[in-house]
Amino acid sequence: MRFFTATVLGLLAPSLCAATNLTTPSRLDLPSGFKPPQVFRNTNLVRNTNLEKSYVRETVNVVVENIDNKPQNDYYIPFSAEVFDRIGGFEVRDKKAPEKGRFNVDYTEAVSSDGNQYFVIHLPEPLAPKSEITLGISYSVLSSLSPLPATIGQADKQYLTYSFSAFMPSAYTTDTQKTKLKFPSTNVPDYTTTDGLKPGSDPERKGATYTYGPYNTAKVAPGTDHPITVRYEFTKPVITVNLLERDLEVSHWGGNLATEERYWLRNNGSELTTQFSRVEWTFTSYQKAPTSAVRELTYPLLPGSVDPYFIDDIGNVSTSRYRPSVGKSAGSLELKPRYPIFGGWNYSFRIGWNNDLASFLRRAAGVDSDSYVLKAPLIEGPKMAEGIQYERVIVRVVLPEGAHNVRFEILEGANSNGLPGANHIHAHVSSLKTYMDTLGRTTLTLEVDSLTDEARDSKFVVTYDHSMIDALRKPLTIFAGLLTVFVAAWGIGKIDVSIKKRFPSNLPSKVHVISKLGSLLLLNCTCLLGHTLSDRKCKQTLHIDSSISSFSSIPSSIFPHSPRVSSSAAMLQMKESPNKSRPLPVDDNSTRDSPSKANLTGTRDRLGPVMVFIARASNLTDHSYPNATMDIKQMHEYLRSLLVITIAEHRKQFGVLGHRPHKTQTIIQPAHTRILGTSRLFKFFVLALEEARAAKTECIFVLHGWDGWTTDKMSIAEICEPFRDVTFSLHVYANRGTPREFYEVNAHKVNAYFRHRVTAADPAIVGDRSTALFIRMLEALPTLEYARYYPVLSVTERDTLAKYDKRIAGVYEHDKLEGPSKSEDAKPETPRRGV
1 MRFFTATVLG LLAPSLCAAT NLTTPSRLDL PSGFKPPQVF RNTNLVRNTN
51 LEKSYVRETV NVVVENIDNK PQNDYYIPFS AEVFDRIGGF EVRDKKAPEK
101 GRFNVDYTEA VSSDGNQYFV IHLPEPLAPK SEITLGISYS VLSSLSPLPA
151 TIGQADKQYL TYSFSAFMPS AYTTDTQKTK LKFPSTNVPD YTTTDGLKPG
201 SDPERKGATY TYGPYNTAKV APGTDHPITV RYEFTKPVIT VNLLERDLEV
251 SHWGGNLATE ERYWLRNNGS ELTTQFSRVE WTFTSYQKAP TSAVRELTYP
301 LLPGSVDPYF IDDIGNVSTS RYRPSVGKSA GSLELKPRYP IFGGWNYSFR
351 IGWNNDLASF LRRAAGVDSD SYVLKAPLIE GPKMAEGIQY ERVIVRVVLP
401 EGAHNVRFEI LEGANSNGLP GANHIHAHVS SLKTYMDTLG RTTLTLEVDS
451 LTDEARDSKF VVTYDHSMID ALRKPLTIFA GLLTVFVAAW GIGKIDVSIK
501 KRFPSNLPSK VHVISKLGSL LLLNCTCLLG HTLSDRKCKQ TLHIDSSISS
551 FSSIPSSIFP HSPRVSSSAA MLQMKESPNK SRPLPVDDNS TRDSPSKANL
601 TGTRDRLGPV MVFIARASNL TDHSYPNATM DIKQMHEYLR SLLVITIAEH
651 RKQFGVLGHR PHKTQTIIQP AHTRILGTSR LFKFFVLALE EARAAKTECI
701 FVLHGWDGWT TDKMSIAEIC EPFRDVTFSL HVYANRGTPR EFYEVNAHKV
751 NAYFRHRVTA ADPAIVGDRS TALFIRMLEA LPTLEYARYY PVLSVTERDT
801 LAKYDKRIAG VYEHDKLEGP SKSEDAKPET PRRGV
């Protein structure tokens with residue numbers, strides 16, 4: 001008992017998390033009216049501005065001289081308050097010795113009197129008087145490009161503008177300086193020219209490179225501004241990630257590193273002047289013309305990555321393509337969003353995959369060492385030619401439960417990696433509780449602002465301690481919990497709670513009486529179900545005590561396959577409440593019940609019904625775009641766009657029916673064509689109904705149009721007949737008539753009608769107006785291109801059906817032109833194509 005108590009207390013003991021380098025971004029508080037002391041002079045300054053991506057990347061090489069009579073080690077670089085918050089990846093190195101690493105950089109908290117904020121560069125060694133050092137300064141400016149014009153056509157070119165000063169922002173006097181601009185192409189229709197700053201033309205143009213300067217600015221006061229604006233073609237998306245949440249989950253027991261990234265993405269390019277056209281986008285995609293929309297995202301994966309997934313707010317996105325890695329080569333995940341992302345559009349999604357933990361985790365040197373070292377990329381992200389900018393990145397490293405003494409370090413190379421210094425990264429350790437945890441899993445969180453895709457190649461190292469006791473914490477917790485349950489069950493079982501001593505020995509116990517009554521009741525129900533029993537058992541049933549005789553009068557509707565139930569009622573399962581009023585005629589669908597929601601209340605599956613969204617086309621010209629020719633792939637894409645509309649409209653009317661993922665199916669099949677029982681389509685429908693039967697829930701086929709599933713009556717009957725025990729409904733989105741709404745159809749009633757078990761005059765059909773309308777539509781609305789004859793309809797019935805589908809009016813349009821003298825029941829002499 002002492003060992004058990006000690007084990008439980010040891011499991012509940014908190015682990016110590018020593019975070020020696022977990023800090024918050026450092027800022028320097030400057031006094032009001034602060035101005036940097038004039039102890040340096042910039043002898044020569046060259047600024048290189050790269051505009052080839054969707055963000056601005058600047059590299060400044062400056063020769064700095066100490067003009068003071070004392071050694072100095074703090075160099076200030078000013079930026080306006082508006083630009084300062086959009087500076088990312090600020091990094092300073094010795095241009096002549098970059099392998100020495102980056103310099104320490106702080107930034108100010110208060111705004112000075114001139115409206116500037118400063119980056120403070122701490123030189124590794126104080127610069128002696130009259131000495132010089134060459135600084136290599138690199139940084140990115142996010143969200144500094146503006147589209148002009150702000151709105152364009154779907155296939156038009158996109159132009160961006162960038163405004164800057166011809167003089168580099170500096171706190172010190174600069175003798176000479178120049179600025180080089182690198183554009184993505186030579187198409188630069190507008191740019192600013194300077195007068196009087198230098199002899200000759202300014203800027204100097206050489207291909208896609210424009211050079212402003214060099215200027216002699218020895219007599220120009222620091223902070224002087226000379227605005228320059230350039231406008232250039234950039235027919236690419238301006239991809240901005242508002243927030244990236246990246247989780248790395250380490251599992252020692254599973255030997256797995258699970259990675260998940262959640263993106264909130266936006267295109268900051270030019271918005272569309274008109275509504276989006278799917279046909280025009282299809283033509284543009286076929287021609288592979290440049291576009292300002294995000295067509296797809298290419299995501300390189302490290303070697304050994306497996307089990308990738310791509311999910312957005314709707315669910316799994318099946319348009320992605322995964323190319324696994326071969327050997328030591330990297331894999332690739334090509335993400336294609338559900339819709340192209342044009343300027344001003346947003347898209348949120350998440351992706352994830354797994355890796356072998358042995359490729360990232362090492363145990364520290366030493367036989368008895370409990371320290372582990374994890375080396376992983378800080379961010380990965382898509383790799384796009386136009387670049388990606390991240391406004392905020394949150395990286396969480398979920399370590400095993402009990403990990404402590406957590407430390408991290410950013411690995412730095414000789415070249416710039418687009419990351420700020422470690423003192424500009426906010427880091428903290430917290431606890432995340434998951435399944436079967438006692439204290440929660442140790443979680444290291446890193447938060448970085450203003451990053452670019454250049455940080456993809458950066459890596460970080462996390463070091464932590466995890467002993468054998470910590471590793472056994474969860475198994476011992478499970479063992480202790482199960483042992484507690486078994487001991488409690490054993491103790492409760494030893495308690496005598498019986499009441500048999502209260503009765504005389506010649507009377508049966510209460511449990512014995514209840515068991516006898518239960519067996520007699522079960523025997524009576526078995527007789528009602530029609531099973532064969534011996535005469536002696538049946539006679540015994542007739543002598544049941546009158547106190548339980550009411551149980552024998554079980555309603556026949558409970559047993560749909562019993563001989564006592566009528567065949568039509570058992571076949572259709574039409575049990576309606578006697579309090580419901582009689583439905584309105586078929587031409588008025590304003591007041592309808594919701595059988596799907598009514599059936600959901602009694603379902604045994606918490607996930608909800610099995611939902612299948614279906615759209616069908618009879619041929620490759622069955623679409624709403626006149627004079628457009630589509631192939632099979634384009635027609636399926638068109639039908640999928642109809643399903644997106646159907647899903648959205650269905651959720652508006654019914655809401656989210658459970659949490660089970662829905663299924664979609666697009667069909668290209670001529671009218672009156674049999675769905676073979678061996679076909680993939682037939683098996684798809686049967687599997688959906690079998691899933692509903694196994695889950696004991698409802699199955700709903702949501703059809704885009706009255707003929708959105710199939711117009712072959714025998715195919716419908718063959719699919720419905722084996723699943724008479726499953727609640728099966730059809731939600732028909734009648735989008736071709738007025739009004740556009742959903743009609744809830746009982747599929748089993750349709751099956752019974754097609755099998756001639758009931759007639760159209762049966763109360764079960766007349767009382768269900770949606771089902772009656774669906775049956776009449778299948779009879780009166782064949783696909784017009786393959787119809788042999790037109791159904792005989794009266795004028796009243798034509799007008800009624802035309803209200804729900806405009807094609808009915810188009811079929812008999814010639815009757816109105818010829819006048820009302822024609823007989824109502826006469827067939828047209830020659831079949832004519834409908835609308």
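Counting from 1, one number per residue, gives the positions in the sequence shown under the UniProt record's numbering. Virtual Cβ for every residue (Gly too), placed ideally from N, Cα, C.
(request) Could you tell me the distance, in whole angstroms, from the CA atom of Val586 to the CA atom of Phe613? (result) In the sequence shown, residue 586 corresponds to position 586, counting from 1. In the sequence shown, residue 613 corresponds to position 613, counting from 1. With a pLDDT of 36 at Val586, under the threshold of 50, the modelled position of this residue cannot be trusted, and the question is left open.
(request) Let me know the beta strand (DSSP E) ranges lying completely inside the region 51-80, each 3 residues or longer, listed in chain order. (result) Inside the region 51-80, DSSP marks whole beta strand (DSSP E) runs of 3 or more residues at positions 56-66, 72-80, from first to last along the chain.
(message) Comparing C-alpha positions only, which one of Arg41, Glu245, Ser285 sits nearest to Ser348?
(response) As a working mapping, residue 348 is identified with position 348 in the sequence shown. Of the candidates Arg41, Glu245, Ser285, the one whose C-alpha sits nearest the C-alpha of Ser348 is Glu245.
(request) Would you decide whether Ala638 is buried or exposed? Buried here means 16 or more other CB atoms lie within 10 Å of its CB. (result) Within the sequence shown, residue 638 is the residue found at index 638, counting from 1. Ala is not the amino acid found at residue 638; the sequence shown has Tyr there. It is buried - the Cβ of Tyr638 has at least 16 other Cβ atoms within 10 Å.
(message) Taking the alpha carbon of Ser305 as the reference point, which residue from Ala166, Leu357, Pro98 has its own alpha carbon closest?
(response) The residue given as residue 305 occupies position 305 in the sequence shown. Looking at the Cα atoms, Leu357 is the closest of the given residues.
(request) Could you spell out the range, first to last residue, of the beta strand (DSSP E) harbouring Phe234? (result) Residue numbering aside, residue 234 sits at position 234 when the sequence shown is read from its first letter. Note, Phe234: premise wrong, no beta strand (DSSP E); not H, not E.
(request) Check each candidate in Val373, Gly658, Val188, Ser325 and name the one with the smallest Cα separation from Asn355. (result) As a working mapping, residue 355 is identified with position 355 in the sequence shown. Selected option, being the one with the closest Cα: Ser325.
(request) Assign Thr240 to one of three DSSP states: helix, strand, or coil. (result) Within the sequence shown, the letter at position 240 stands for residue 240. Here Thr240 sits in strand by DSSP.
(request) Taking Val429 and Thr438 to be in contact with their CB atoms under 8 Å, please state how far apart those CB atoms are, rounded to whole angstroms. (result) Stepping through the sequence shown from its first residue, residue 429 is reached at position 429. Stepping through the sequence shown from its first residue, residue 438 is reached at position 438. 17 Å between Cβ atoms; not a contact.
(request) Would you list, in sequence order, the uninterrupted beta strand (DSSP E) runs of no fewer than 3 residues that lie entirely inside the region 318-363? (result) Segments of the beta strand (DSSP E) lying fully in the region 318-363: 321-323, 331-335, 346-356, 361-363.
(message) So within the region 159-198, which uninterrupted alpha helix (DSSP H) runs reach at least 4 residues, ignoring any that extend past its ends?
(response) none
(request) Go ahead and pull the three-state DSSP assignment for Ala734. (result) Against the sequence shown, residue 734 aligns to sequence position 734. Ala734 falls in the coil class under three-state DSSP.
(request) Answer with buried or exposed for Lys130, where buried requires no fewer than 16 other C-beta atoms within 10 angstroms of its C-beta. (result) Counting from 1 along the sequence shown, the entry for residue 130 is found at position 130. Classification of Lys130: exposed, given that the 10 Å Cβ count is below 16.
(request) Answer with buried or exposed for Pro124, where buried requires no fewer than 16 other C-beta atoms within 10 angstroms of its C-beta. (result) Along the sequence shown, one-based indexing puts residue 124 at 124. With fewer than 16 Cβ atoms within 10 Å of its Cβ, Pro124 is classed as exposed.
(request) Along the beta strand (DSSP E) that carries Ile614, what are the first and last residues, could you check? (result) In the sequence shown, counting from the first residue as 1, residue 614 sits at position 614. Residues 610-617.
(request) Please list, in chain order, all residues of the same chain as Val279 whose beta carbon is under 8 Å from its beta carbon, the five residues on each side excluded. (result) In the sequence shown, counting from the first residue as 1, residue 279 sits at position 279. So the list reads Tyr625, Ala628, once near-sequence residues are dropped.
(message) Does the contact criterion of 3 or more C-beta pairs under 8 Å hold for the region 418-432 versus the region 462-475?
(response) no
(request) Say whether the region 142-156 touches the region 201-215, bearing in mind that this needs 3 or more beta-carbon pairs closer than 8 Å, one atom from each stretch. (result) no
(message) Just to confirm my understanding: we take Val250, look at its own chain, exclude 5 residues before and 5 after, and list those with CB closer than 8 Å. What are they?
(response) Translated into the one-based positions of the sequence shown, residue 250 becomes position 250. Result list for Val250: Leu257, Leu357, Leu361, Leu374, Val397, Val398, Leu399, Pro400, in chain order.
(request) Within 10 angstroms of the Cβ of Glu380, are there 16 or more other Cβ atoms? Answer buried if so, exposed if not. (result) Within the sequence shown, numbered from 1, the residue matching residue 380 stands at position 380. Result: buried.
(request) Grab me the residues of Lys328's own chain with a C-beta within less than 7 Å of its C-beta, minus the 5 sequence neighbours each way, in chain order. (result) As a working mapping, residue 328 is identified with position 328 in the sequence shown. Cβ contact annotation for Lys328 (same chain, cutoff 7 Å, sequence separation greater than five): Pro303, in chain order.
(message) So, for Tyr390: in the same chain, excluding its five sequence neighbours on each side, which residues have a beta-carbon less than 6 Å away from its beta-carbon?
(response) Reading the sequence shown from its first residue, position 390 is the one you call residue 390. Within the same chain, Tyr390 has close Cβ partners Val241, Leu244, Leu451.
(message) According to DSSP, is Leu248 part of a helix, a strand, or is it coil?
(response) One-based indexing of the sequence shown puts residue 248 at position 248. The three-state secondary structure of Leu248, taken from DSSP, is strand.
(message) Spatial neighbours of Phe684 within its chain, please: C-beta separation below 7 Å, excluding the five flanking residues on both sides.
(response) The sequence position of residue 684 within the sequence shown is 684, counting from 1. Listed in chain order, the non-local C-beta contacts of Phe684 below 7 Å within the same chain comprise Gln665, local neighbours out to five positions each way being set aside.
(request) Mind the definition here: the region 720-727 touches the region 757-769 only if three or more C-beta pairs lie below 8 Å; say whether that holds. (result) A contact is defined here as three or more CB-CB pairs under 8 Å, and the region 720-727 fails this definition with respect to the region 757-769.
(message) Buried or exposed for Asn69, going by 16 or more other Cβ atoms inside 10 Å?
(response) Along the sequence shown, read from residue 1 onward, the residue named residue 69 stands at position 69. Counting Cβ neighbours within 10 Å, Asn69 comes out exposed, since fewer than 16 surround it.
(request) Could you spell out where the alpha helix (DSSP H) holding Trp706 opens and where it closes? (result) Indexing the sequence shown from 1 puts residue 706 at position 706. Counting along the chain, Trp706 falls outside any alpha helix (DSSP H), and DSSP gives it neither H nor E.
(message) Strictly by DSSP, which residues pair up with Lys663?
(response) Here residue 663 corresponds to residue number 663 of the sequence shown, with the count starting at 1. Val612, per the DSSP bridge assignment.
(message) Quick test of the definition: if touching needs 3 or more C-beta pairs under 8 Å, does the region 281-292 touch the region 172-183?
(response) no
(message) Considering only the alpha carbon of each residue, which of Tyr733, Tyr322, Leu730 lies closest to Pro308?
(response) Working through the sequence shown from its first residue, we reach residue 308 at position 308. Measuring C-alpha to C-alpha distances from Pro308 to each of Tyr733, Tyr322, Leu730 identifies Tyr322 as the nearest.
(message) I'd like the list of long-range same chain contacts for Gly402, defined as Cβ closer than 8 Å, with 5 residues on each side in sequence excluded.
(response) In the sequence shown, the residue the question calls residue 402 occupies position 402. Hits under 8 Å: Ser15, Leu439, Thr442, His466, Ser467, Ile469, Asp470, Ala471, Arg473.
(message) For Ala752 and Leu730, which I take to be in contact (beta-carbon distance under 8 Å), what is that distance rounded to the nearest angstrom?
(response) Taking the sequence shown and counting its residues from 1, one reaches residue 752 at position 752. Taking the sequence shown and counting its residues from 1, one reaches residue 730 at position 730. The pair is not a contact, with the Cβ atoms about 14 Å apart (cut-off 8 Å).
(request) Please name the residue or residues paired with Val429 in a DSSP beta bridge. (result) For the purposes of this step, residue 429 is taken as the residue at position 429 of the sequence shown. For Val429, which the question treats as bridged, DSSP gives the partners Leu444.
(message) Excluding the 5 residues flanking Asn104 on each side, which residues of the same chain have their C-beta closer than 6 Å to its C-beta?
(response) Here residue 104 corresponds to residue number 104 of the sequence shown, with the count starting at 1. Excluding sequence neighbours, Asn104 sits near His122.
(request) State the Cα-Cα distance for the pair Val63 and Thr49, rounded to the nearest angstrom. (result) The sequence position of residue 63 within the sequence shown is 63, counting from 1. The sequence position of residue 49 within the sequence shown is 49, counting from 1. C-alpha separation (whole angstroms): 18 Å.
(request) Taking Asp106 and Leu28 to be in contact with their CB atoms under 8 Å, please state how far apart those CB atoms are, rounded to whole angstroms. (result) As a first step, residue 106 is located in the sequence shown; it is residue number 106 there, counting from the start. As a first step, residue 28 is located in the sequence shown; it is residue number 28 there, counting from the start. That pair is a contact at about 5 Å.
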